[in-house]
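Asks:
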Amino acid sequence: MSSALRSLAKLDFCYLTTKGRKSGKRRTIEIWFAAGGKPRTLYLLSGGRDSSDWVKNIRRDPRVTLKLGDERFSGRARILDKGEEDARARRLLAAKYEGWSDGRALSGWARTSLPVAIDLEV
Numbered sequence: 089m090s091s092a093l094r095s096l097a098k099l100d101f102c103y104l105t106t107k108g109r110k111s112g113k114r115r116t117i118e119i120w121f122a123a124g125g126k127p128r129t130l131y132l133l134s135g136g137r138d139s140s141d142w143v144k145n146i147r148r149d150p151r152v153t154l155k156l157g158d159e160r161f162s163g164r165a166r167i168l169d170k171g172e173e174d175a176r177a178r179r180l181l182a183a184k185y186e187g188w189s190d191g192r193a194l195s196g197w198a199r200t201s202l203p204v205a206i207d208l209e210v
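Everything in the sequence shown is counted per this note's numbering, starting at 89 for the first residue and increasing by one.
(1) With three or more beta-carbon pairs closer than 8 Å as the criterion, would you say the segment 190-198 touches the segment 136-153?
(2) Looking at Arg178: is its Cβ nearer than 8 Å to the Cβ of Leu194?
(3) I'd like the list of long-range same chain contacts for Ser189, defined as Cβ closer than 8 Å, with 5 residues on each side in sequence excluded.
(4) What do you get for Pro127, buried or exposed, if any count of 16 or more other CB atoms within 10 angstroms of its CB means buried?
(5) If you check the beta carbons only, do Ile206 and Ala165 fall under 8 Å apart?
(6) Roughly how many angstroms separate the alpha carbons of Arg49 and Lys170, rounded to a whole number?
(7) Please state the DSSP three-state secondary structure of Gly196.
(8) Suppose contacts are defined by Cβ-Cβ distances below 8 Å. Is Phe161 in contact with Val204 by that definition?
(9) Compute the Euclidean distance between the alpha carbons of Trp111 and Pro150, then round it to the nearest angstrom.
(10) Would a C-beta distance cut-off of 8 Å place Thr106 and Val152 closer than the cut-off?
(11) With a threshold of 16 other CB atoms inside 10 Å of the CB of Ala175, please say whether the residue is buried or exposed.
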């Protein structure tokens, strides 16, 4: 991860823009995110799982835009399957927003939300 992206990763939230699956219009939400693990990859959790509109939108078209501070990045979203990257995403977000650390149980939010990776085109 570049030093510029590393400093942006400390921000509290980002703005995720997807293409509306029905309207084709750009839809933007404010959402928590975490960086770590893979370079140029950010992680999000959908508390609404598959019922969140932004998740439905990326299932139709995974191309997204992320705004971090004053910087905009294009990227491609991936719904994570159970496995190492899924677990990493949950731990990173729980650590950033809930003070989670190794040896502690994950919260319900961190355990049950749908993990999504955004691979940035930088």
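Every residue gets a Cβ at the ideal spot worked out from N, C-alpha and C, and that includes glycine.
Predicted model only: the values in this text are computed from it and were never measured.
Replies: On the basis of the data shown:
(1) As far as the Cβ criterion goes, the segment 190-198 does not touch the segment 136-153, which means the pair count is below three.
(2) Contact flag set, yes.
(3) Beyond the five residues adjoining it in sequence on each side, Ser189 comes within less than 8 Å, by CB distance, of Ala183 in the same chain, given in chain order.
(4) Answer is exposed; the Cβ neighbour count stays below 16.
(5) The answer is yes: Cβ separation under 8 Å.
(6) The requested residue 49 is not part of the displayed model; the chain covers only 89 to 210.
(7) DSSP, reduced to helix, strand and coil, places Gly196 within a helical segment of the structure shown.
(8) Between Phe161 and Val204, the C-beta gap is not smaller than 8 Å, which leaves the two residues out of contact.
(9) Going by the sequence as given, residue 111 is Ser instead of Trp. When rounded, the distance between both Cα atoms is 16 Å.
(10) The Cβ-Cβ distance between Thr106 and Val152 falls below 8 Å.
(11) Per the 10 Å Cβ criterion, exposed.
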